[in-house]
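Peer 1: Mind looking over this structure? Questions follow.
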Amino acid sequence: MYKIGVVGDKDSILAFKAIGIEVYPVVGAEESRKTIDRLARDKYGIIFVTEQVAAEIPDTIERYDKTMLPAVILIPSNQGSLNIGMKRISDNVEKAVGVNIL
């Protein structure tokens, strides 16, 4: 059975703990990178990452785009959305369907 984790700043991810998802607050690019890599090794199937963290470590996010597991899903933080997550979804839909239907 795979686990679900959330990586981001403490204020943005604390609410996920209330619904039973493991949260990993991080500060800085290096800590973010190490945390995501560790979760991937520890059999996490889904890793939610705030867009602000993802913007700091695009190379790490891109590396997991090429793998089946874990699924790295970008979510907005409590500071709002950077539209990175929606852009990724739009690009993937266009790749799968052949046209952007969103």
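Heads up: the sequence shown is residues 7 to 108, going by this note's numbering.
In this text, a Cβ means the ideal position worked out from N, Cα and C, and glycines have one as well.
#1: Taking the beta carbon of GLN58 as the centre, do at least 16 other beta carbons fall within 10 Å, making it buried, or is it exposed?
#2: Please report the residue range of the beta strand (DSSP E) in which THR56 lies.
#3: Take VAL112 and list the residues in its own chain whose beta-carbon comes closer than 6 Å to its own, dropping the five residues that flank it on each side.
#4: Run through DSSP, which three-state label would ILE67 get?
#5: Kindly indicate which residue of ILE81, LYS16, ALA77 and VAL103 has the alpha-carbon position closest to the one of LYS49.
#6: Are the CB atoms of VAL32 and GLY14 within a distance shorter than 8 Å?
Peer 2: Quick answer:
#1: So GLN58 ends up on the buried side.
#2: Segment 50–56, the beta strand (DSSP E) holding THR56.
#3: Because the chain spans 7 through 108 in this model, residue 112 falls outside it and cannot be assessed.
#4: If DSSP states are grouped into helix, strand and coil, ILE67 belongs with the helices.
#5: Answer by Cα proximity: ALA77.
#6: Annotated as proximal: GLY14 and VAL32, with beta-carbon spacing under 8 Å.
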